[in-house]
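K.L.:
I am attaching a structure below and will ask some questions about it afterwards.
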Amino acid sequence: MAEMINIAVVGFGNIGSYFYKTLEKNKNNISVKTGKIPNIKYICAKNINKKRSIKIPKSKWFKNPLKLPLIDDLDIIVELIGGSEGVAKKLVFSALKNKKHVITANKALMAKYGDQLAELAESNEVNLEYEASVAGGIPIIRSIKENLIANKINKIYGILNGTTNFILSSMESSKKKFSDVLNEAKNLGFAETNPSSDLDGNDSASKLRILSSIAFNKTISKNKILIEGIQNINLTDILHAKKLGFKIKLLSISEIKENKLIERVHPCLIQNNSYLANIDGVLNAIVIDGKPIGKSIFQGEGAGPGPTSSALISDLCSVMRGNIKFPFGISSIFRKKIAKFNILNHSCSSYLRIEVKDLPGVLSSITKIFSKNKISIKNLIQNPDKKNKKASIIIITHTNSEKNYNNLLFNLTKNKFVLKKPTFIRIEKM
Ligand code: HSE
4 MAEMINIAVV GFGNIGSYFY KTLEKNKNNI SVKTGKIPNI KYICAKNINK
54 KRSIKIPKSK WFKNPLKLPL IDDLDIIVEL IGGSEGVAKK LVFSALKNKK
104 HVITANKALM AKYGDQLAEL AESNEVNLEY EASVAGGIPI IRSIKENLIA
154 NKINKIYGIL NGTTNFILSS MESSKKKFSD VLNEAKNLGF AETNPSSDLD
204 GNDSASKLRI LSSIAFNKTI SKNKILIEGI QNINLTDILH AKKLGFKIKL
254 LSISEIKENK LIERVHPCLI QNNSYLANID GVLNAIVIDG KPIGKSIFQG
304 EGAGPGPTSS ALISDLCSVM RGNIKFPFGI SSIFRKKIAK FNILNHSCSS
354 YLRIEVKDLP GVLSSITKIF SKNKISIKNL IQNPDKKNKK ASIIIITHTN
404 SEKNYNNLLF NLTKNKFVLK KPTFIRIEKM
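If you're matching positions, the sequence shown starts at 4 in the working numbering and goes up one per residue.
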């Protein structure tokens, strides 16, 4: 008789129920593949009485998740609560200390406490698996740790947030407003309950920190990284970008420059015909640039119950198959800090939309600010709005430094003809 593996699932919303359903459906298959029988013995939920599409035997409901780590006949705890603090944090720390394997989809927790958790898992000889925390169904974490083990990775970049990618691409295709497409993303179940971390870039940043740490074999960076979200992108920018041959994407980029780490999450204009420009909807895509593999691209659904359950079950099978693995691919002893590249020295060309009063002398006043900051203009388009005596000036610049752009934006915002802080979007060469 195959050994039974007892599992507790903590957090039973969309993802938890889908995971449960999929696991029950595939139980035989999984047993054949792993030689063990997965048994969800305990389930914790904030609201046990919530209407659910599946029937859960009463005996499985367990009230206090923090008591789970103390139960002897429990092997694996699947944490689906989310958030870097509170019950999720207490539960995962205590589970590892009590020698329970942990599977989590929690990127905020892993990005903040991943190093400490990995040390705990290693010293207690249990697994800490988190494939579902980055890019949903794309098997990116195990691919870097195991399949790409032979490579020296230099750069990792891509689209790591399904909600924002869905919003940007739907705005472009349907010409709908930001708020309308955000509601669609919520209804489809891929925006976070509080979507601000999707929109302001923090969800992508947590995922990026996890990926760069695995890719470069370093501890998770605690650096203040460049994070900008999509809240200030409006349809006008998307349509202007399109006319100029670009698409706007929220990219997450991590690379080693001069032996230092530079991590950035911000909207980018990328050429229409580039690979990432054509990743639409909830899809995520990640490019890994390494030696000897060259550029390798991973693409797939990055959010939602189905893809997330796929990753969770992959983690579960990995644990059930045995072997204690290092959570970050190598022993914590060898994972050192990496120095931070000065972001002010980063350079790129850029797109600016400047809303101005339509009066004589405005254009020359604006272009003077560019020359004062040593920023050279490549293209300029002016769209007048006669009725409101306003105009939009769209400018594409030649390459310049982050430092000069910061000064430019400061000076532009102060200018008496400028109506509001200009929209500034970096152009990323792929
Ligand atoms: N809210 C995330 C996204 C999904 O939209 O990509 C979970 O990581």
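A virtual CB, placed ideally from N, CA and C, is assigned to each residue, including glycine.
(1) Just checking: is the beta-carbon of LEU347 within a distance shorter than 8 angstroms of some beta-carbon in chain B?
(2) Exposed or buried, ILE80, counting other C-beta atoms within 10 Å across all chains shown (16 or more means buried)?
(3) According to DSSP, simplified to helix, strand and coil, what is LEU463?
(4) Looking at C-alpha atoms only, which residue of ILE397, ILE228, ILE106, ASP78 is the closest neighbour of LYS263?
(5) Evaluate LYS70 with the Cβ neighbour count: other Cβ atoms within 10 Å of its Cβ, from every protein chain shown; 16 or more gives buried, anything less gives exposed.
(6) Taking 7 angstroms as the cut-off, is the beta-carbon of THR107 closer than that to any non-hydrogen atom of the ligand HSE?
(7) Let's see if you can read the secondary structure: which residues bound the alpha helix (DSSP H) around ARG212?
(8) Alpha carbon to alpha carbon, how far is ASP292 from SER255?
(9) Residue range of the alpha helix (DSSP H) that LEU77 falls in?
(10) Could you tell me whether the segment 178-198 touches the segment 161-169, where touching means 3 or more Cβ pairs closer than 8 angstroms?
(11) Taking all protein chains shown into account, decide if VAL35 is buried (16 or more other Cβ within 10 angstroms of its Cβ) or exposed.
(12) Which whole-angstrom value describes the C-beta separation of LEU99 and VAL129, a residue pair presumed to lie in contact below a C-beta threshold of 8 angstroms?
(13) For THR426, write down the residues that DSSP places opposite it in a beta bridge.
(14) Whole-angstrom Cβ separation of SER209 and ALA114, contact assumed at under 8 angstroms?
(15) What number of angstroms, rounded off, separates the C-alpha of THR370 from the C-alpha of LYS389?
(16) Give me, in chain order, the residues of the same chain whose beta-carbon lies closer than 8 angstroms to that of THR311; leave out the 5 immediate sequence neighbours on both sides.
(17) Can you tell me whether GLY232 is buried or exposed, with buried defined as 16 or more other CB within 10 angstroms of its CB?
(18) Can you find a heavy atom of the ligand HSE that lies under 7 angstroms from the Cβ of PHE65?
(19) From the DSSP output, in three-state form, read off THR402 for me.
(20) When you measure from the CB of ALA121 to every non-hydrogen atom of the ligand HSE, does any distance come out below 7 angstroms?
(21) For LYS252, is the beta carbon positioned less than 7 angstroms from some heavy atom of the ligand HSE?
(22) By the three-class DSSP mapping on this structure, what secondary structure does SER334 have?
(23) Where does ASN21 fall in DSSP's three states?
(24) Counting only runs of 4+ residues fully inside the segment 108-132, write out the alpha helix (DSSP H) ranges in chain order.
(25) Please indicate yes or no: does the CB of GLY305 lie closer than 7 angstroms to some heavy atom of the ligand HSE?
(26) I want to check one thing, is the minimum distance from the CB of LYS189 to the heavy atoms of the ligand HSE below 7 angstroms?
(27) Given that a residue counts as buried once 16 or more other Cβ atoms are within 10 Å of its Cβ, and exposed if not, what is THR426?
(28) Give a single yes or no on whether ASP318 has its beta carbon closer than 7 angstroms to a heavy atom of the ligand HSE.
(29) Can you tell me whether LEU194 sits near the ligand HSE, meaning its C-beta is under 7 angstroms from at least one heavy atom of the ligand?
(30) Which of the three DSSP states, helix, strand or coil, is assigned to ASN345?
(31) Is LYS110 near the ligand NAD - that is, is its Cβ less than 7 angstroms away from at least one heavy atom of it?
(32) For PHE65, which residues from the same chain have a beta carbon less than 8 angstroms from its beta carbon, with the 5 sequence-adjacent residues on both sides left out?
(33) In the segment 12-56, which residue ranges form an unbroken beta strand (DSSP E) of at least 3 residues, counting only runs that do not cross its ends?
(34) Please indicate yes or no: does the CB of ASP388 lie closer than 7 angstroms to some heavy atom of the ligand HSE?
(35) Would you call PHE413 buried or exposed, if buried means 16 or more other Cβ atoms sit within 10 Å of its Cβ?
(36) Which residues bound the alpha helix (DSSP H) around LYS246?
P.N.:
This is what the structure holds:
(1) No chain B is part of this structure, which consists of one protein chain only.
(2) Residue burial is scored here from C-beta neighbours: ILE80 has at least 16 other C-beta atoms within 10 angstroms and is therefore classed as buried.
(3) The first residue shown for the chain is 4 and the last is 433, placing residue 463 beyond what the model contains.
(4) Ranking ILE397, ILE228, ILE106, ASP78 by Cα distance to LYS263 puts ILE228 first.
(5) Per the 10 Å Cβ criterion, exposed.
(6) Because no heavy atom of the ligand HSE lies under 7 angstroms away, the Cβ of THR107 does not count as near it: no.
(7) Residues 205-219.
(8) About 14 angstroms.
(9) For LEU77, there is no enclosing alpha helix (DSSP H), since its DSSP letter is neither H nor E.
(10) Touching, yes.
(11) Flag for VAL35 reads exposed.
(12) Contact between LEU99 and VAL129 is confirmed by a C-beta separation of about 6 angstroms, below the 8 angstroms threshold.
(13) Per DSSP, ARG356.
(14) That pair is a contact at about 4 angstroms.
(15) Straight-line measurement puts the Cα of LYS389 at about 21 angstroms from the Cα of THR370.
(16) ILE18, TYR21, PHE22, ALA108, ALA135, GLY139, GLY140, listed in sequence order.
(17) Under this definition GLY232 is a buried residue.
(18) For PHE65, the shortest C-beta to heavy atom distance toward the ligand HSE is 7 angstroms or greater.
(19) Correct three-state label for THR402: coil.
(20) With a cut-off of 7 angstroms, the C-beta of ALA121 is classified as distant from the ligand HSE, since no heavy atom of the ligand falls inside that distance.
(21) In terms of side-chain proximity, the C-beta atom of LYS252 is found no nearer than 7 angstroms to any non-hydrogen atom of the ligand HSE.
(22) SER334 falls in the coil class under three-state DSSP.
(23) A small fix is needed here, since residue 21 is Tyr in this sequence, not Asn. In this structure, TYR21 counts as helix in the three-state DSSP scheme.
(24) Here the runs fully enclosed are 110-126.
(25) For GLY305, the Cβ falls inside the 7 angstroms cut-off from some heavy atom of the ligand HSE.
(26) In terms of side-chain proximity, the C-beta atom of LYS189 is found no nearer than 7 angstroms to any non-hydrogen atom of the ligand HSE.
(27) Around the C-beta of THR426, 16 or more other C-beta atoms lie within 10 Å, and the residue is accordingly described as buried.
(28) Not under cutoff, so the answer is no.
(29) A small correction: the amino acid at residue 194 is Ala; Leu does not occupy that position in the sequence shown. Result yes, Cβ under 7 angstroms from the ligand HSE.
(30) Note: ASN345 maps to coil in three-state DSSP.
(31) By its list of ligands, the structure shown excludes the ligand NAD, since it contains just the ligand HSE.
(32) Here the set comprises ALA11, TYR45, ILE46, CYS47, LEU71.
(33) Runs of the beta strand (DSSP E) spanning 3 or more residues and lying entirely within the segment 12-56 occur at 39-47, in chain order.
(34) Using a cutoff of 7 angstroms, the CB of ASP388 does not count as near the ligand HSE, since none of the ligand's heavy atoms is closer than that.
(35) Of the residues assessed, PHE413 falls on the exposed side of the cut-off, its CB having fewer than 16 other CB atoms within 10 angstroms.
(36) Start and end: 238-246.
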